[in-house]
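When the letters of the sequence shown are read in order and numbered with my numbering, they come out as residues 171 to 746.
Note that the Cβ used here is the ideal one computed from N, Cα and C, for glycine as well.
As the structure is a prediction and not an experimental result, all values here were calculated from the model.
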Amino acid sequence: MADFYLGIDIGDGETSVAVLTEHAVAPLTVDLGCLHYSILSAVGTAPDGSFVIGEDVLLKTDVKDRSVRFKSKFLKGTANEDIVRFAKGLAEAIRQYSGLVAEGNTLYYAVGCPTGAGWTDPVRHAYADLIRMALPVPEMPVGESRAAFLYTNYSGSLGVSPELLEGSVLVVDMGSSTTDLAYVVGGRDETRTMAEFGAAFLGGGLIDHAILEHCVALHPQAEEIRQLFEREPSVRTACEIDARRLKEGYFTALREHKPFTGKTWEDLYCGRTAASHTSLKLFVTDEMMQEILNRPLPDSGLSYLDTFARQLETAVEKTKAAPPQLIILTGGASRMGFVGEMAAKYFPHATIGACPEPEFSIAKGLAFACRVDHRMKRFLSDVNGIMETGEFDRELDQALPGLVERLCSAIVPHYVQKLFLPMAKTTEAGEPLRQALEKATPDFFASEDVRRLIDHQLTDWMKSAMPNLKDRISRVCRSYSVDQSAIPVPRAENVQLRMPEVPIHFVINVLLTIPGVGSLVAGVMRKHYIASAEKRLREDMLSRSGTFYMDFRTALKKCIKAEVDERARRVQIPIM
């Protein structure tokens, strides 16, 4: 019996799956029944109605309803059925080939999606709903850039210092159809706070398509070949796959300072007879690549390089308060040399780190995210379970009178000295004084001075209050290797202890009805008066304590839960 955490990276071009066990240090890629650990993102239907995925969609002649690059089509609303079919085929491949589906094993899943380029929260939810028809993934997919950061952080694949990862980091994820930029500060993803931050429909697939189009345009039967591609999209896809391999070979040779002479021939039948056979030569040259990279794209009018440059310019502007110290390059297309060169140009003081296996880094990061998120859910559930016990309520009820004592002892002298006395000296006694106090009191108790007083009393009170609760929460923290400082002292504004309402709504009556107000104003018996006021106020508060305790208990529970949740997310729950 074991728990397995699977990360599913469905790219527009290729798909991979990685798995992580509860205590493993590094994820492993999952066998999906082919020679490679990544498969073509393609789906079709076999004669028996089952779903075929991967390169078999192109190789098997009896497959119908073929579909490729459906992820990028999803935003246009034309690929929902294809995504469901692919997810069902993927689920079957995991069941058949992974060796993970067995009695007693529990599998958890996380699926990724871009964080920009039109992938808003409602769109991401809708995408997860489709995947969930085949696999039990969470309602919100994991941002692929977050997955890349988690993989880099936990795997140590870049070999950079922990200090760099704990600072400000920019993740550049260039895939087949999109390029996403994510900004991480102190381990916290700040991308979603920056509106349309670094998102573009810009991926390596555009270059694959352009290489194929360039080669087709040089062929004497170019029009017949284009018509063939219209009739048989799977033929175009097979040609684009070969174009992608040529592109990868070209940029590898460029990186190694070697000449590139790669080419391939495609056997095509533009008609139904042997006479319609023709050969299409696919190749890449320096001149062709420069023309492709600098050619205006149809959607924006900007070239590929200009579009990427504009993304980086936006990133420079929006991160100028804390410029990234580390740039993480991931996604299969990030291997193209100009990606790292341009990142270094726009962020000259940052360390540039390229993932050594970008085609798998997202899937492995998603596996980390899956384990982190499930451990966090268990941690928060355990802490929240403590908060819902009767023991918590009983211990809090026993401790609250001490808080009332502290608040009265701190607030009454402050109120008398800073507001009541000055106003009593300058305002006519009786109703005029009452009205003046009623008007001034709310602002006075909302002031920073009073807030600091309340915070100080809360801090001191929390140090000694509810020792059993603290001990139980500390034990839970230790079991998850979470620093116990993850349970901080709540601040006054967090527990919503608004003194004009609780208990200052009757402070004025107490102060105005204590004998000796006139002597107090004259400066006589001030100490005695304040002591009497504190005593009366405590008695009044304690007599009304039922509602106050109930409200405070609810607010304190909410505060501790929120603080635990926030701090747990910041530390991401250690993986070991």
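Residue pairing for L210: DSSP places it in a beta bridge opposite E184. Minimum Cα-Cα distance from I462 among the listed residues F530, G313, V542 and I381 corresponds to I381. When secondary structure is reduced to three states using DSSP, D567 falls in the helix class.
Fewer than three beta-carbon pairs drawn from the segment 228-235 and the segment 565-578 are found closer than 8 Å, and the two stretches are therefore not classed as touching. Secondary structure remark: continuous alpha helix (DSSP H) runs of at least 4 residues inside the segment 210-272, in chain order: 226-229, 240-244 and 250-267. Our two residues, D543 and S315, have alpha carbons roughly 16 Å apart in a direct line. Boundaries of the alpha helix (DSSP H) around D619: E618 to S634. Within the segment 430-471, the runs of beta strand (DSSP E) at least 3 residues long that lie entirely inside it are, in chain order, 433-439 and 447-453. Counting along the chain, D350 sits inside the beta strand (DSSP E) bounded by residues T349 to V355. Look at V281 here: in three-state DSSP terms it is strand.
By the neighbour-count definition (other C-beta atoms within 10 Å, threshold 16), W289 is a buried residue.
The Cβ atoms of A212 and G224 sit closer than 9 Å to each other. G282 and L245 have their C-alpha atoms some 15 Å from each other. A straight-line Cα-Cα distance of about 25 Å links V734 and A352.
Nearest to T185 by alpha-carbon distance, out of A257, W435, R236 and M171, is A257.
DSSP, reduced to helix, strand and coil, places A524 within a strand of the structure shown. Spatial neighbours of T477 in its own chain (CB-CB distance under 7 Å, excluding positions within 5 residues in sequence) are listed in chain order as A370, L372, L467 and S470.
A straight line joining the alpha-carbon of T596 with that of V586 spans about 14 Å.
V330 and K633 have their C-alpha atoms spaced approximately 39 Å apart. Taking a cut-off of 8 Å on C-beta distances, the segment 287-306 does not touch the segment 502-510, as fewer than three cross pairs fall below it.
Restricting attention to F549, E251 and S242, the CA atom closest to the CA of V646 is found in F549. Excluding residues up to 5 positions away in sequence, L463 lie with their Cβ nearer than 6 Å to the Cβ of Y474 in the same chain.
Contact between L536 and V312 is confirmed by a C-beta separation of about 6 Å, below the 8 Å threshold. Rounded to whole angstroms, R642 and D173 show a C-alpha spacing of 26 Å. Burial state of V238 is buried, judged by a 10 Å Cβ sphere holding 16 or more other Cβ atoms.
Counted as a single uninterrupted DSSP element, the alpha helix (DSSP H) harbouring V293 occupies residues D291 to I301. With a cutoff of 9 Å on beta-carbon distance, D201 and Y279 are scored as not near each other.
Going by C-alpha positions, H584 is about 13 Å away from Q627. Pairing G219 with G502 gives a Cβ-Cβ distance that is not under 9 Å. In the structure shown, S325 adopts helical secondary structure according to DSSP, grouped into three states.
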